[in-house]
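*Asks:*
There are 2 protein chains.
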Amino acid sequence: MSVRAGIIVTGTEVLSGLIRDANGPWLSEALRGFGVELSQIVVVGDRPDDLRRALDFFADVDLVLTSGGLGPTADDLTAEVVAGWAGTTMVLDPGLEERIWAIVNSLRKRIGGEEAPMRAGARKQAHVPVGAVVLEPKGTAPGFLVGTSPVVAVLPGPPRELQRMWADAVNVEPLASLLRSAGSLEQRILRFFPLSEPQIAATLREIDADSLPFEVTTCLRRGELEVATVYRPAEASAYATFEAEIRERHGDVLFSDDGATIDEVIARALSGLTVATAESCTGGLMAGRLTDLAGSSAYVLGGVVVYSNEAKTAFADVDPELIAAHGAVSPEVARALAAGARSRFGADLGIGITGIAGPGGGTEEKPVGTVCLCVSSSWGVEERVVRLPGSRADVRDRTTTVALHMLRALLGSRA
Amino acid sequence: MSVRAGIIVTGTEVLSGLIRDANGPWLSEALRGFGVELSQIVVVGDRPDDLRRALDFFADVDLVLTSGGLGPTADDLTAEVVAGWAGTTMVLDPGLEERIWAIVNSLRKRIGGEEAPMRAGARKQAHVPVGAVVLEPKGTAPGFLVGTSPVVAVLPGPPRELQRMWADAVNVEPLASLLRSAGSLEQRILRFFPLSEPQIAATLREIDADSLPFEVTTCLRRGELEVATVYRPAEASAYATFEAEIRERHGDVLFSDDGATIDEVIARALSGLTVATAESCTGGLMAGRLTDLAGSSAYVLGGVVVYSNEAKTAFADVDPELIAAHGAVSPEVARALAAGARSRFGADLGIGITGIAGPGGGTEEKPVGTVCLCVSSSWGVEERVVRLPGSRADVRDRTTTVALHMLRALLGSRA
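Protein chains in written order, with the working numbering: chain P, 1 to 415; chain H, 1001 to 1415.
#1: Interface residues of chain P around Trp1026 (chain H) at Cβ under 8 Å?
#2: If the cut is a Cβ gap below 8 Å, which residues of chain P does Asp1050 (chain H) touch?
#3: Report buried or exposed for Lys109 (chain P), applying the criterion of at least 16 other Cβ atoms within 10 angstroms of its Cβ.
#4: Fully enclosed by the stretch 25 to 60 of chain P, which alpha helix (DSSP H) runs are 4 residues long or longer?
#5: Under a Cβ-count criterion, where at least 16 other Cβ atoms within 10 Å of its own Cβ denotes burial, should Leu1273 (chain H) be classed as buried or exposed?
#6: Given a threshold of 16 other Cβ atoms within 10 Å of its Cβ, counted over all protein chains shown, does Ala1169 (chain H) qualify as buried or as exposed?
#7: Pull up the DSSP beta-bridge partners for Cys281 (chain P), would you.
#8: Check this for me: beta carbons of Arg119 (chain P) and Asp62 (chain P), under 8 Å apart or not?
#9: Can you name the residues that DSSP bridges to Gly962 (chain H)?
#10: Is it true that the CB of Leu1065 (chain H) sits closer than 8 Å to the CB of Ile1007 (chain H)?
#11: List, in chain order, every chain H residue whose beta-carbon is nearer than 9 Å to that of Ile111 (chain P).
#12: Are the beta-carbon atoms of Arg998 (chain H) and Gly1361 (chain H) separated by less than 8 Å?
#13: Have a look at P:Ser413, P:Gln199, P:Val133, P:Ser28 and flag the residue whose alpha-carbon is nearest the alpha-carbon of Pro1117 (chain H).
#14: Helix, strand or coil for Glu1243 (chain H) per DSSP?
#15: Looking only at DSSP bridge pairs, what is Gly1355 (chain H) linked to?
#16: What are the start and end residues of each continuous beta strand (DSSP E) run of 3 or more residues lying completely inside the stretch 195 to 247 of chain P, in chain order?
#17: Within 10 angstroms of the Cβ of Val1082 (chain H), are there 16 or more other Cβ atoms? Answer buried if so, exposed if not.
#18: Show which residues of chain P have a CB atom less than 9 Å away from the CB atom of Phe1315 (chain H).
#19: List, in order along the chain, the chain H residues whose C-beta lies closer than 8 Å to that of Cys219 (chain P)?
#20: Would you verify that the beta carbon of Phe57 (chain P) is, or is not, closer than 8 Å to some beta carbon of chain H?
#21: Looking at the strands, I want to know which residues DSSP matches up with Arg387 (chain P).
#22: Taking C-beta pairs closer than 9 Å, name the residues in chain H that Glu97 (chain P) reaches, listed in chain order.
#23: At 7 Å on the CB atoms, spell out the chain H contacts of Glu136 (chain P), in chain order.
#24: Run through the stretch 1117 to 1187 of chain H for me and flag every whole beta strand (DSSP E) of 3 or more residues, listed as ranges in chain order.
#25: So which residues on chain P does Thr1291 (chain H) lean against when the C-beta distance must stay under 9 Å?
#26: Scan the stretch 1375 to 1389 of chain H for residues whose Cβ lies nearer than 9 Å to a Cβ of chain P and list them as they occur along the chain.
#27: Using three-state DSSP, classify Thr10 (chain P) as helix, strand or coil.
#28: What span of residues does the beta strand (DSSP E) with Phe1345 (chain H) cover, start to end?
#29: Taking the C-alpha atoms as reference points, what is the distance between Leu285 (chain P) and Val1305 (chain H)?
#30: So which residues of chain H does Val64 (chain P) contact, with C-beta pairs closer than 9 Å?
#31: Can you check whether the CB of Leu1337 (chain H) is closer than 8 Å to the CB of Ala1316 (chain H)?
#32: Buried or exposed: Leu416 (chain P), going by 16 or more other Cβ atoms within 10 Å of its Cβ?
#33: Of all the options H:Ala1267, H:Met1090, H:Ile1189, H:Leu1220, which has the alpha carbon lying nearest to the alpha carbon of Arg1247 (chain H)?
#34: Less than 8 Å between CB atoms is the rule here; does Gly1035 (chain H) satisfy it with respect to chain P?
#35: Just to make sure I have the definition right: I need the residues of chain H whose C-beta is within less than 7 Å of the C-beta of Met118 (chain P). Which are they?
#36: Name the two residues that bound the continuous beta strand (DSSP E) containing Val1064 (chain H).
Structure follows, in structure tokens:
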């Protein structure tokens, strides 16, 4: 059977834009893994009426997941509102209260705080909707499974707590049976670089993607274009035809067809080679991105962040005359930085980056967004000068994407 | 009068968790600046029925903002669905078509692509709801103001386009009048470090924050605790009393009361001093964070990323015997890294970081999340060994927050 779900993310801090929600996207991916179709995500503040309206909105789905609003403060009211909406009331669970207090009290001993109000907070969190299944706390807050049609899974707001509690919840009735009944969904993600949205739109139009039995999603992420498709097993051959048509047109810029990011593609392609960086405008983000992945210490030897001209010379052996002749932002200096990183760290590959991230510092000849990149190795060199759009943060982040694709090209050209 | 709004974020790529929405939070802050109260944010995929249901959900608000679904592909259907929902139809605007084609064609000449399908895409984007006000494209997609009760502002999905179009839209009728009628809202954000959620919850309980006439929101962000309050001008004195009570209890860990982040606080406090980094487990993210702000080249001299023991010695003068005696993750090595960064770059302040970001590499004595930090200067040293929770990414990010607060403490202790 087809199982439809809705997600309600609670919290005035999310609604007001103070904090970026991570739980909606995470739960969305988790549901897809179980073959559950997500209809909408609703973000509501900590106001009972707005939460009730969101629950009403999902009255016809099979499963509602809520995140947040289970803390010890008075504005944490999700459990109570869900209970009322499901036609039940709240009751104190004394055993749960003792378990929560044990957690809070050990925290209190470490960080301090008055006992009486913290004890009151633990008691508030130990109130349970009558008839609900309790999910044991992963931080201080318990979660709940309430009702049967829909099943409402009430989960905490901190992402780590929510993720660990979800892992428990999927094995607990009535959620376990509901998820088992959902069938399965396949997801495929094709990633391209460089490819623009108008180009992929033209392709989709040509092959009449609109008439396909499944939904095709395209999006630009960190400068790369993704084509994501979710389909039922019965649609596998239609999907294969679709993918073949896309590959025929854009196979030359397809760099991942198995969900791997460019970061993961690089990590695999390095296979024993080492890399070092010398970066100016990215200020450490290039090295930071290379070391995002666990195990990167096997191939990242290190890097230098050389903002000033003096540092470029002292840490990456850039000749001051080169800077004087061509300017700090120049292909020549990028090349010297890459060579300096390589030789200083004794690495197989060196990445050199120098540019103008903005918002200031641009000139007519070298406007904000101009970045010179070089990746060098014993078997060849990749060089580019790009002009990237967007804010300082955009330019810095996009630069690291361009560098990773240059690194991939250079690794691909190795004899 | 009070003006209520709803936001609809469209896009299967957002609903499915492939891409993290930036427009909801941004528009939420923009609305607050105009004194408009936001009721909910709904995220929907590119399915007409789900979008119509989201519009129905907001039938009783004064203003609905939509983002996304204005592109050239067939799954971009926001304008058409909004038009139908508002009781009107779509019509081709030939002048608009020429303006869009001029933009797309110049892009095509740069990046390539077939003319016919791209021309068809431009024509699709030039269809306008009858009676709507057209907002000129900031990328290739135009936006629209449709209807009067509610006013629906149909905006594009790419954040830069949306933000620039919003800046135009607020001056266009009927949106301009609606925003002018909304009165005003004050927002105050107090930021604390270190402070835990149970501690602030206890305080809010003691001072009976639940009975205040305005909404108080607390949230943990990058390891810091924020207390955000939005109130009407008439509630200013009640707010002042509330803030005084919070300050009385937690003033010692309050580091910002004017909206400034710790990054901005540090940038101000450095006032002429310079800083350099030598980092291991954060792999460049510390230097990357220090250089996030425009103008940071005035005080960040640079940094070294020293993953291997050899690099620690070669780039930050860490004595190999120190590493042999205490291990690479030790207070002694953190201190040597800080001193090395300072002396190598000739900086006033040096930051040294070494730790175990995980998921591998932990031991019983030094589990994953153990990080040794040191900030040194001519007038003193701050040192800490912390054990941070969470994923590799959490540990790395939280480490940079801890380091910035140590830097702040050291700057505060300067005679």
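In this text, a Cβ means the ideal position worked out from N, Cα and C, and glycines have one as well.
*Replies:* By the coordinates alone:
#1: Gly17
#2: Ser39, Gln40
#3: exposed
#4: 48 to 57
#5: exposed
#6: buried
#7: Per DSSP, none; premise fails for Cys281 (chain P).
#8: no
#9: As displayed, chain H neither begins before 1001 nor continues past 1415, which places residue 962 (chain H) out of reach and without an answer.
#10: yes
#11: Pro1194, Leu1195, Ser1196, Pro1198, Gln1199
#12: Since the displayed chain H opens at 1001 and closes at 1415, residue 998 (chain H) lies outside it and no answer follows.
#13: P:Gln199
#14: helix
#15: H:Val1371
#16: 215 to 221, 224 to 231
#17: buried
#18: Gly302, Val304, Phe315, Arg344, Phe345
#19: Gly1011, Glu1013, Leu1018, Ile1019
#20: yes
#21: P:Thr370
#22: Here the premise fails: no neighbours, minimum Cβ distance about 15 Å.
#23: What Glu136 (chain P) touches in chain H: nothing, since even the nearest Cβ is about 18 Å away.
#24: 1127 to 1129, 1133 to 1135, 1143 to 1146, 1151 to 1155
#25: Cys281, Thr282, Gly283, Gly284, Leu285, Val305, Tyr307, Ala357, Arg396
#26: Pro1389
#27: strand
#28: Element bounds for Phe1345 (chain H): not the beta strand (DSSP E) but the alpha helix (DSSP H), 1331 to 1345.
#29: 11 Å
#30: None at all; the shortest Cβ gap to chain H is about 14 Å.
#31: yes
#32: It is not possible to answer for residue 416 (chain P), since the shown part of chain P is limited to 1 through 415.
#33: H:Ile1189
#34: no
#35: Pro1198, Ala1202
#36: 1063 to 1067
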